[in-house]
Amino acid sequence: MKYIFGAVNSRRFGASLGIDLSPDFKQCNFDCLYCELDKAKPVSKMIDEPNPEDIVEEVKEYLKKHNYPDVITITANGEPTLYSQLNKLIELLNSLKGKSKLLILTNGSTIHREDIQEALLKLDMVKVSLDAVSEKIFKKVDRPIQNISVKNVIDGLIEFRKKFKGELIIEILVVKNVNDTEENMLELRDVLRLIKPDRVDLGTVDRPPAYRVEPVSDEKLLELGEFLKDFNLNILFRRNLDFSNLNLEEDEILEILKRRPLSIDDLTELTDSITKEKILDRVYKNELKLVNVGGRDYILNR
Ligand code: SF4
């Protein structure tokens, strides 16, 4: 399977089957400090795009053998809304998703565009990142390609929310000494009041980041969360795990590792002890890398 991965059990969304629209390399119009992928020059469009029918074939194959997941998540090694056939893909997935919900994870850079809004309106859930309100902090954290302004993101979100009947989730990721100020939180609170999301996720750097940046502590997250307590707030403490007891096979773990680092704890949750040992053996043989972030070891496939 080239484009799908999982399903992994996410605390926030349940069993999630992932669709990666850019499996071979990163294609994003941001280059966030905290990105779990390697740093890369931002691009304004995808130069390598999958055929939507190929993705749908993989999803069909998966659904023949497994239960319908809680969500089918459209994502990418990069920004999925740069995919020129997104609307067609969403329509195809909607025709086969059964009781699964369709979700996209986006950085919000294109949400002001009418064509993107039209496509996203067909989804059940949309999760958008929003780390700052001031252009200066936005550029520092998210390092967008030229001509992207956070004002457009916010205006687009306000407009989109008025039309979108599904679940809109805003994710704020806090980087120590960059966007962890009271002022930033107050500004975010004010725009969130206009956006009216169904849920706000507040987290910090967790997996090994693209740049040398640090997470804030759980205590600091709680403190910052106080500014957002009017919302349906979900604080993503670093000690929490994303997954639970899925008994994945070695090749399935390797597929996930291509897309995101896993902590040793994640590995314990995701698989049995034999497969865990096989993965750790690859670490000892230097086929996979081990790095420490904020006191926690992560396995990387880069
Ligand atoms: S975190 Fe997401 S939006 Fe930011 S650079 Fe990485 S892929 Fe792009």
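The sequence shown begins at 2 in the numbering used here and counts up one residue at a time. We put the beta carbon where it would ideally sit given N, CA and C, even for glycine. Predicted, not measured: the structure shown is a model, and the values here were computed from it.
Cα-Cα separation between residue i and residue j, rounded to whole angstroms
i, j, result
"V176", "V217", "7 Å"
"E172", "N293", "24 Å"
"E309", "T182", "Lying before the first or after the last residue shown, residue 309 is absent from the chain, which here runs from 2 to 303."
"T74", "D219", "27 Å"
"R283", "S150", "43 Å"
"P81", "A120", "12 Å"
"D267", "E278", "13 Å"
"M2", "A77", "15 Å"
"E59", "I280", "25 Å"
"N10", "L301", "20 Å"
"D298", "A16", "25 Å"
"K197", "D39", "33 Å"
"E188", "R162", "19 Å"
"S245", "L195", "Per-residue confidence for S245 stands at a pLDDT of 49, beneath the threshold of 50, marking its modelled position as unreliable; no derived number is given."
"N248", "E136", "44 Å"
"G157", "N287", "45 Å"
"D243", "V154", "Caution applies to D243, whose pLDDT of 49 falls short of 50 and renders its modelled position unreliable; the value that the coordinates give is listed next. Going from the Cα of D243 to the Cα of V154 covers about 27 Å."
"L87", "R213", "33 Å"
"Q147", "K166", "32 Å"
"L289", "I159", "43 Å"
"L90", "I5", "13 Å"
"V134", "V179", "13 Å"
"Y84", "K65", "26 Å"
"E115", "E256", "34 Å"
"E250", "V127", "30 Å"
"S23", "P209", "20 Å"
"D125", "T269", "31 Å"
"M186", "K259", "33 Å"
"S130", "T107", "7 Å"
"N241", "G204", "The predicted position of N241 is uncertain, since its pLDDT is 48 and thus under 50; no value can be drawn from it."
"A211", "I275", "31 Å"
"D199", "L34", "26 Å"
"N52", "L93", "12 Å"
"I48", "D21", "15 Å"
"D207", "L237", "10 Å"
"F31", "D273", "36 Å"
"L222", "L193", "17 Å"
"A8", "E37", "19 Å"
"S110", "K123", "18 Å"
Bridge partner(s) assigned by DSSP for residue i
i, result
"N10", "A16"
"T76", "D21"
"K102", "V72"
"L291", "I300"
"M126", "L104, E168"
"L234", "V201"
"L174", "G204"
"I5", "I20"
For residue i, the first and last residue of its enclosing beta strand (DSSP E)
i, result
"R261", "Here R261 belongs to no beta strand (DSSP E), and DSSP marks it neither H nor E."
"G204", "200 to 205"
First through last residue of the alpha helix (DSSP H) which encompasses residue i
i, result
"T276", "274 to 285"
"L271", "265 to 271"
"N88", "87 to 95"
"I138", "136 to 143"
"E115", "115 to 121"
"N185", "183 to 196"
"P53", "53 to 66"
"K46", "Where K46 is concerned, there is no enclosing alpha helix (DSSP H), given that its DSSP letter is neither H nor E."
"K27", "Careful: K27 lies outside any alpha helix (DSSP H) and carries neither H nor E."
"L223", "219 to 226"
Any chain C beta carbon closer than 7 Å to residue i
i, result
"V44", "Going by chain labels, chain C is absent from the structure shown, which holds only one protein chain."
heavy atom of the ligand HEM below 6 Å from residue i C-beta
i, result
"G79", "What this structure holds is the ligand SF4, not the ligand HEM."
Worksheet item: With a cut-off of 8 Å, do at least 3 Cβ pairs link the segment 34 to 44 to the segment 91 to 100?
Response: no
Worksheet item: Contact between the segment 222 to 232 and the segment 254 to 270: three or more CB pairs below 8 Å?
Response: no
Discussion item. Across the segment 163 to 172 and the segment 133 to 149, are there enough close Cβ pairs to call them in contact, namely three or more that are closer than 8 Å?
Written reply: no
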